[in-house]
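Working notes for the structure below.
Protein chains in written order, with the working numbering: chain A, 69 to 470; chain B, 69 to 470.
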């Protein structure tokens, strides 16, 4: 098999850890696989460099930031290649440039345009382990670019796609994807498999194993992703296309997103296009609106509610006061969004009503509801967040495999 | 003027220092000059990375070492460009590759083959300050290479040569070149000017301001070098060609080299080519022989003496025992070499005899003598080293300008 392995910052957090990673890579290689390794910077390193730059200015030139930040992955990639060589294996470290990772020219948040995998392939052909500095690429002008948060995962997925690798393993410090956050519900169970779409919902809802950009890219490139821990030998979670998953569970997981705030406009002015006006202004200010509900009360008054990330609430307030589009404005940061996710919902009715029932039994008032084909999200008072997660986890029997 | 400034590790040793460097660069720029800055890694950074690699092996692959070590200068170059930008100046950081520094493929000790200065020139034309990561280049295959110890000085000199810069300023933590080590002779005086050849002699004799490779390259490319401190505003020392120095002093400086050991062969076998055999073997073992004397005593017995660096004495011993070329072998690490350097010697007699007289007056026995056109070197017992330096400094009136 051809396997791409990506090790995150904590996995290569110090020299002992890099040594452990080298052993794991060699084990994979000695099982008869070709191995390409993508590494992040040692944990803390990228933040240290950002702090360095902030010593001088809050708005450093982005081109220079990329040059600065790309150094962290160069260090880990060469150290890992040195570790592998010292253990008697042929290994070559490649920078993003040398690995043929071409991006657009949006510095500090570049998108991968294409991968020229010839250099990686030629080193693999010679039986070498190839170690690629993640997070970085080059623009068409030959400038160094970086891919933003989660960039090393993107590098790994893109390389796996270009090489048509059998597997892309993403190593972190957690075992895989759980039915819910084990810190909230100790009975949470690690999933063996999950579909791209479910993973996308879970990730966007606060499960921090993988960023959505990587899952989306894996889906697009048809890359089989495995997320697992570099600190033990447990099997991880395979993220793959729905067709590959034989037994579709009704519900795969419960997610809790605490980083939400609610905005409510009571008595919205009776003016054509007023909603469009509101959301256009918010979009212009780069405020991400998530759930939206609108209803007309018995008194004929229109109420409009929506949620935004908590750290964008101040921006949303400003816009709302400027627009002055309703009789009364309410802002509530003390809410959370709890979501039930599962591809099985598509073919089974009753999943949503079970969720509402479960919360009702716990006397939890549901403030907003939003549904998609594979998820039901509910906004509730933040003090009930953990309780809701545990109750839903129990209601769908997520503590045991089906 | 077009000025290349190079700042060493202590000059960019922390963020405050980088800020100070930025101010100095801006001052130079605002005086109407075009400025190219070459930077080393923050002091300690390169050694830290070497230690990292040594955690895994004592013989890391050199290609990967270059990738590893080159990251230090990337950090300082981008930070300095960020600092300059934050102070309202246009600045661009360039890696060795982007600066067009092409080298041979001897990793960790590459030699500069050529400089393609077009990218630097195009940024200068736009009025930008160009900051180049020193110490690094690329091979013709596009691999990252580093230039070995003193590599950033070499980068600066080579760039100054390629740009036909008016001046190449090398900033360190010392004020310039002194008539002798001020820690030995407090009356030591900073020289305003010195010729390349004198500097070469002084550097090879232990004055650590500049490495010989840089001075040799400056001489070859006709680059006017200035060595000065980044910690004050004192004028430094100009190192230039002899013709540019109006008043040639008889003697420019006294150097003391403590890192020497003496090997003596008494009663060398009367065998044709025996000396050649000895020095060929030493060369093969990469042992650097400095001074050599041979004489035949009144008894017809041939004695041969030479000096080697102290840390190569063990290797020399081994070779001598293997060759078994004399009746008696003596090894003495407790010697030093004291040297009188000055281009004025070429046209003035009596410089050497004054040196011998001076040491004789102090009852210091001279064990070996070697002379060139611009220097007289004497091997003496190490316990007299400092005394000899002070006596010679006094004898040639080096405490006062002529």
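Note that the Cβ used here is the ideal one computed from N, Cα and C, for glycine as well.
Output the distance between the C-alpha atoms of residue i and residue j, rounded to the nearest integer angstrom.
i, j, result
"residue 96 (chain B)", "residue 456 (chain B)", "42 Å"
"residue 110 (chain A)", "residue 366 (chain A)", "59 Å"
"residue 454 (chain B)", "residue 461 (chain B)", "11 Å"
"residue 170 (chain B)", "residue 210 (chain B)", "9 Å"
"residue 71 (chain A)", "residue 233 (chain A)", "6 Å"
"residue 249 (chain B)", "residue 324 (chain B)", "8 Å"
"residue 178 (chain B)", "residue 447 (chain B)", "34 Å"
"residue 187 (chain A)", "residue 442 (chain A)", "41 Å"
"residue 173 (chain B)", "residue 213 (chain B)", "7 Å"
"residue 327 (chain B)", "residue 148 (chain B)", "37 Å"
"residue 192 (chain B)", "residue 415 (chain B)", "44 Å"
"residue 251 (chain A)", "residue 257 (chain A)", "12 Å"
"residue 185 (chain B)", "residue 227 (chain B)", "7 Å"
"residue 423 (chain A)", "residue 408 (chain A)", "8 Å"
"residue 329 (chain B)", "residue 401 (chain B)", "4 Å"
Can you find a CB in chain A that lies within less than 8 Å of the CB of residue i?
i, result
"residue 139 (chain B)", "yes"
"residue 124 (chain B)", "yes"
"residue 473 (chain B)", "Past the boundaries of the shown model lies residue 473 (chain B); chain B is included only from 69 to 470, so the question cannot be answered."
"residue 92 (chain B)", "no"
"residue 146 (chain B)", "yes"
"residue 83 (chain B)", "yes"
"residue 464 (chain B)", "no"
"residue 227 (chain B)", "no"
"residue 430 (chain B)", "no"
If you drop the 5 nearest sequence neighbours on each side, which residues of the same chain put their C-beta closer than 6 Å to that of residue i?
i, result
"residue 459 (chain A)", "426, 430"
"residue 438 (chain A)", "359, 445"
"residue 355 (chain A)", "376, 380, 383, 384"
Determine, using beta carbons only, whether residue i and residue j come nearer to each other than 8 Å.
i, j, result
"residue 113 (chain A)", "residue 140 (chain A)", "yes"
"residue 230 (chain B)", "residue 264 (chain B)", "no"
"residue 221 (chain B)", "residue 238 (chain B)", "yes"
"residue 292 (chain B)", "residue 308 (chain B)", "yes"
"residue 359 (chain A)", "residue 282 (chain A)", "no"
"residue 477 (chain B)", "residue 101 (chain B)", "Any question about residue 477 (chain B) goes unanswered here, given that chain B covers just 69 to 470."
"residue 143 (chain A)", "residue 136 (chain B)", "yes"
"residue 452 (chain A)", "residue 298 (chain A)", "no"
"residue 199 (chain B)", "residue 145 (chain B)", "yes"
"residue 419 (chain B)", "residue 266 (chain B)", "no"
"residue 78 (chain B)", "residue 260 (chain B)", "no"
Between residue i and chain B, is any beta-carbon pair separated by less than 8 Å?
i, result
"residue 154 (chain A)", "yes"
"residue 135 (chain A)", "yes"
"residue 22 (chain A)", "The first residue shown for chain A is 69 and the last is 470, placing residue 22 (chain A) beyond what the model contains."
"residue 75 (chain A)", "no"
"residue 376 (chain A)", "no"
"residue 185 (chain A)", "no"
"residue 196 (chain A)", "no"
"residue 169 (chain A)", "no"
"residue 150 (chain A)", "yes"
For residue i, which three-state DSSP category applies?
i, result
"residue 434 (chain A)", "coil"
"residue 78 (chain A)", "coil"
"residue 167 (chain B)", "coil"
"residue 300 (chain A)", "coil"
"residue 458 (chain B)", "helix"
"residue 414 (chain A)", "helix"
"residue 419 (chain B)", "helix"
"residue 283 (chain A)", "helix"
"residue 483 (chain A)", "Because chain A is modelled from 69 through 470, residue 483 (chain A) falls outside the range shown and cannot be assessed."
"residue 92 (chain B)", "helix"
"residue 349 (chain A)", "helix"
"residue 402 (chain B)", "strand"
"residue 424 (chain A)", "helix"
"residue 216 (chain A)", "coil"
Go through its chain and collect everything with a Cβ distance to residue i's Cβ below 8 Å, but skip five positions before and after it.
i, result
"residue 300 (chain B)", "243"
"residue 219 (chain A)", "202, 203, 204"
"residue 335 (chain B)", "369, 370, 371, 394, 395, 396"
"residue 195 (chain B)", "158"
Closer than 7 Å by C-beta to residue i: which residues in its own chain qualify, once you throw out the five before and the five after it? Chain order, please.
i, result
"residue 93 (chain B)", "73, 103, 105, 152, 197"
"residue 279 (chain A)", "217, 218, 221, 271"
"residue 87 (chain B)", "151"
"residue 350 (chain B)", "357, 384, 387"
For a contact meaning CB atoms closer than 7 Å, what does residue i contact in chain E?
i, result
"residue 281 (chain A)", "The displayed structure is made up of protein chains A and B, and chain E is not among them."
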